[in-house]
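Below you'll find the structure, written out as structure tokens, and then a few comments.
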Amino acid sequence: MNIFKKEEKSKIILQEYWEQFSKSLIEFVMNILISTVPITIGALFIIFDNNHSLTFQTYCTTILAVIKNGELYLYSATLLAPVVFLTTYDKDGKKSFPLKWFFIPIVLFLFIIISHFFGEQRAINLPEEGSIFTASVYIFILTVILYFLVLLISNKKIKPASDIMKESEIDFEKQYEERRKRNG
106 MNIFKKEEKS KIILQEYWEQ FSKSLIEFVM NILISTVPIT IGALFIIFDN
156 NHSLTFQTYC TTILAVIKNG ELYLYSATLL APVVFLTTYD KDGKKSFPLK
206 WFFIPIVLFL FIIISHFFGE QRAINLPEEG SIFTASVYIF ILTVILYFLV
256 LLISNKKIKP ASDIMKESEI DFEKQYEERR KRNG
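Under the numbering used here, think of the first position of the sequence shown as 106, with each following residue one higher.
Structure below.
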């Protein structure tokens, strides 16, 4: 009987984690899709305005041409804004965001790097094939991963203190009853 209760509890826990993961994934995908519309749809307009045929290769080449000038730095910075908000804003009675002091220095470091590279690219007008363009791609990928991790953590449900106390009280009562039965 006890094994079945553990299996049932495990299923409930897995279901809760799946709900949190799927909620985070939906929010993440929608944010990325909507925020990159100027790049993705803009590339289509460029292709049609220049009377090119729409092929996958043409589309990818056009997107690369669109992001060569450091636009991914701007998208990275805008993705960091919700990361800052989620890590610093106390919502739903949470005392503070878990790992807040792990994420905040990373975000500040990324803001400094993004500002430096984007400013350098604009001021010096470096060629798009340079290391600064490559860095923009890596920084964007890192920012996307960081944003998703913060979403996962922020969507984690935390039990109210009253529920936690009630569970520990019930556990204590069960243990007390078991000891009483054993000891006579």
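Beta carbons: idealized from backbone N, C-alpha and C, even for Gly. Predicted model only: the values in this text are computed from it and were never measured.
Item to check | Own chain residues within Cβ distance below 8 Å of Met-106, not counting five before or after | outcome: Residue placement at Met-106 is flagged as unreliable, the pLDDT there being 48, under the threshold of 50; a coordinate-derived value is accordingly withheld.
How long is the line joining the alpha carbons of Lys-261 and Tyr-194, rounded to whole angstroms? If you take the alpha carbons of Lys-261 and Tyr-194, they lie about 15 Å apart.
CB-CB under 8 Å to Leu-257, same chain, minus the five flanking residues each way: which ones, in chain order? Result list for Leu-257: Gln-125, Phe-126 and Ser-129, in chain order.
Is the beta carbon of Thr-163 sitting closer than 7 Å to the one on Ile-151?
Contact: no.
Report task. Run the CB neighbour count on Phe-202, radius 10 Å, all protein chains shown included, and call it buried at 16 or more, exposed below. Result -> Buried: at least 16 other Cβ atoms inside 10 Å.
Handout entry: Cα-Cα separation between Ser-259 and Leu-191, rounded to whole angstroms
Key = Cα-Cα distance, rounded: 7 Å.
- prompt: Per DSSP, what kind of secondary structure is Leu-179 in: helix, strand or coil?
  reply: In the structure shown, Leu-179 falls within a helical segment according to DSSP collapsed to helix, strand and coil.
CB-CB length for Phe-222 against Ile-211, believed under 8 Å: In this structure, Phe-222 and Ile-211 do not form a Cβ contact; the two beta carbons are roughly 16 Å apart against a cut-off of 8 Å.
* Asked: Short check: CB of Val-171 to CB of Ile-144, under 7 Å?
  -> Taking 7 Å as the Cβ cut-off, Val-171 and Ile-144 qualify as a contacting pair.
- Query: Do you know how far the Cα of Tyr-122 is from the Cα of Arg-284?
  - Reply: Between Arg-284 and Tyr-122, the C-alpha separation is close to 34 Å.
If you draw a straight line from the C-alpha of Thr-248 to the C-alpha of Cys-165, how long is it? Here the C-alpha atom of Thr-248 lies approximately 21 Å from the C-alpha atom of Cys-165.
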